[in-house]
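Each residue of the sequence shown is one higher than the one before, starting from 1 at the first, in UniProt numbering. Just so you know, even glycine gets a beta-carbon here, dropped at the ideal spot from N, CA and C. Read through the structure below, which is laid out as structure tokens, and then see the notes.
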Amino acid sequence: MRYSYDIKLSQIKVSALQYLLMAVICLSSYATNGQSVAFPGAVGWAADTPGGRGGAIIRVTNLNADGPGSFQEAIKTAGKRIVVFEVGGVIDLKGKVLRVNEPFLTIAGQTAPSPGITFIDGGIGIRTHDVIVQHIRIRTGASRHKVGEWEPDGMATISAYNVIIDHCSMTWAVDENCSPSGPRFNGKTPDEWRKGTSHRITLSNNIIAEGLSHSTHIKGEHSKGTLVHDNADEIMIYGNLYASNQDRNALFKGGARGVYANNYIHNPGKNAVRYGLVDQEWEGYPHETGKISIVGNMMQHGPSSSDMPLLYMGNGPCEAYMEDNIAKKLDGTDARMFTGDSAKLVKTKPIWFNGLKLMKAGQLKEYVEKNAGARPWDRDLHDKRIVKEMLTLKGRIIDSEQEVGGYPEYKPTAQKFDSNAWNLNSMVRK
């Protein structure tokens, strides 16, 4: 994507003030379209993170779980870095959850040759700041593990900030598929609590689907999409496809604050979006007020769905705003929009990101069909299946990845990364 703002005074007659104003507008437009923002289309409070921009190009040259040339080696490297892939296929984590501890990182899964990069039997935990993750698949699964000994998230942020997880596919997790998390009371004041847990996090344009229900989690049933942990702040959940998760599509816990906009929820089992503070977890602490703005979303009941509303308002003080949402039962009739204490519904947005441009809820099905998940131009069989189930009102809550074909097997591919073919500031192909 290229921009040109050359203005010749010999061709256009403007005053000095007009010329200055035009220059400011041009520079502002340039910044908005890929310089001061992470990439074109980035949204939310984390949108201005540089990630690894300007850092070293680190090439993943094999599909090994660790060692030289591996993905794990790349993310462990200190300093600004952009991780690109010269291989495509499956990275078997063999029961590991990789930790991202070093900040200023861009993971550019879009650079991999087809079929892209798929992680199996593991997950990724982000415990730092200024990280961009795009176009990877995490298919956690549980068939190799015993009950009570394996309950990872697919991808999670833990006390992280300025993080964007965009155009990724996260399925078959045993805990949540994708969550902003961390300690709820790190610090002495509510402001310190919010800074001590995950904040300024964007989850955008992802497929978050098929959390495993009766699997290896010690608590039993645990098919969950996204948990926005207590006091997490400035959370943007935008443009995602939630499909066939029993619960937490998403759940905002006590004091959590965020925007939930333009998401499509297909075939939720027990709950779609909900808010809830757990009294026992807040013992000795004053209850903080949650703030959520729920705008332009679509919930479509499916074969596994109970008679649920789009939003269930549970325990704890909260201000919730709802606008332009659609909720449908499987037979096409209207589902309930809200259940709970209606006094918690407010008439103005309690939290919002200025400049956020939204689609109408009725446009979401077409949008996620074309745009959601990792590499929508090169979807794998599981993402194709999940999107097709959304379109045909099918799908089900599953207990094991083996019920839907099991871990993917792809023949490894290789292709050298050509830095001249990419805008290294935004990791958009030229």
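Can you give the beta carbon distance from residue i to residue j, rounded, assuming they're within the 8 Å contact cut?
i	j	result
I207	A372	5 Å
G116	H135	7 Å
K365	M322	Going by Cβ atoms, the distance from K365 to M322 rounds to 20 Å, so no, they are not a contact pair.
residue 445	V97	Residue 445 falls outside the range modelled here, since the chain spans only 1 to 430, and no answer is possible.
V278	G255	With 8 Å as the limit, V278 and G255 do not qualify as a contact, their Cβ atoms being about 11 Å apart.
I201	F252	With a Cβ gap of about 13 Å, I201 and F252 do not count as contacting.
T226	E151	Actually they do not touch by this definition, with Cβ atoms about 16 Å apart.
N267	G395	4 Å
V259	I351	6 Å
D247	G269	7 Å
Could you tell me the boundaries of the beta strand (DSSP E) in which residue i lies?
i	result
K344	Looking at the DSSP string, K344 is not in any beta strand (DSSP E), and its letter there is neither H nor E.
A261	R257 to A261
K146	That residue, K146, is in no beta strand (DSSP E); it is neither H nor E in DSSP.
E319	C318 to E323
M236	D233 to Y238
V163	Y161 to D166
P180	C178 to S181
Is it buried or exposed for residue i, if we count other Cβ within 10 angstroms and need 16 for buried?
i	result
T118	buried
V24	Bear in mind that a pLDDT of 37 at V24, under 50, signals an unreliable position, so the model cannot answer this.
N271	buried
N218	According to the sequence as given, residue 218 is Ile; it is not Asn. Exposed: under 16 other Cβ atoms inside 10 Å.
R144	exposed
Q280	exposed
T197	buried
S114	exposed
L391	exposed
N354	exposed
D6	Note that D6 scores a pLDDT of 31, beneath 50, so its modelled location is shaky and nothing firm can be said.
P412	exposed
L105	buried
T157	buried
D334	exposed
D191	exposed
A42	buried
T111	buried
Is there a Cβ from chain B that is less than 8 Å from the Cβ of residue i?
i	result
L358	Of the protein chains in this structure there is only one, and it is not chain B.
Going straight from the alpha carbon of residue i to that of residue j, what length do you get?
i	j	result
D399	A232	29 Å
L63	V100	18 Å
E102	P303	43 Å
G67	G314	47 Å
D341	N249	20 Å
residue 489	I107	No statement about residue 489 is possible, as the shown extent of the chain runs from 1 to 430 and does not include it.
K76	I82	12 Å
G154	W172	8 Å
G89	T128	27 Å
I326	A56	45 Å
N423	D307	47 Å
K94	R336	43 Å
A421	G109	15 Å
P376	R429	15 Å
H222	D418	43 Å
Y285	V147	34 Å
Q72	A65	7 Å
D175	K224	7 Å
A320	A261	13 Å
G187	W193	5 Å
A31	V37	Confidence in A31 is poor, its pLDDT being 43 and thus under 50, which makes the residue's placement too unreliable to answer from.
L203	E234	11 Å
G316	G290	8 Å
Y410	F185	44 Å
A309	G332	The amino acid occupying residue 309 in the given sequence is Pro; Ala does not appear at that position. Distance between the alpha carbons of P309 and G332 is about 14 Å.
E283	S181	19 Å
Q415	F85	8 Å
K328	H301	6 Å
P183	I126	14 Å
L241	C178	12 Å
L330	A243	14 Å
C318	N263	21 Å
E149	G52	35 Å
L393	Q363	17 Å
T348	G69	51 Å
L383	N245	At residue 383 the sequence reads Asp, which differs from the Leu that was named. Cα-Cα distance, rounded: 15 Å.
Q35	M359	At Q35, the pLDDT of 49 sits below 50, so the modelled position is not reliable and the matter cannot be decided from this model.
H287	K80	39 Å
Residue range of the alpha helix (DSSP H) that residue i falls in?
i	result
V368	L364 to N371
D191	P190 to G196
residue 434	The requested residue 434 does not occur in the structure, where the chain is confined to residues 1 to 430.
Q134	It is not in any alpha helix (DSSP H) - Q134 instead sits in the beta strand (DSSP E) that spans H129 to Q134.
Q72	F71 to K76
Please confirm whether any heavy atom of the ligand NAP lies closer than 7 Å to the CB of residue i.
i	result
K344	Of ligands this structure carries none, so the ligand NAP is not represented either.
Counting pairs of Cβ atoms below 8 Å between the region 139-154 and the region 36-47, do you hit three or more?
Between the region 139-154 and the region 36-47, the count of C-beta pairs closer than 8 Å stays below three; the two stretches do not touch.
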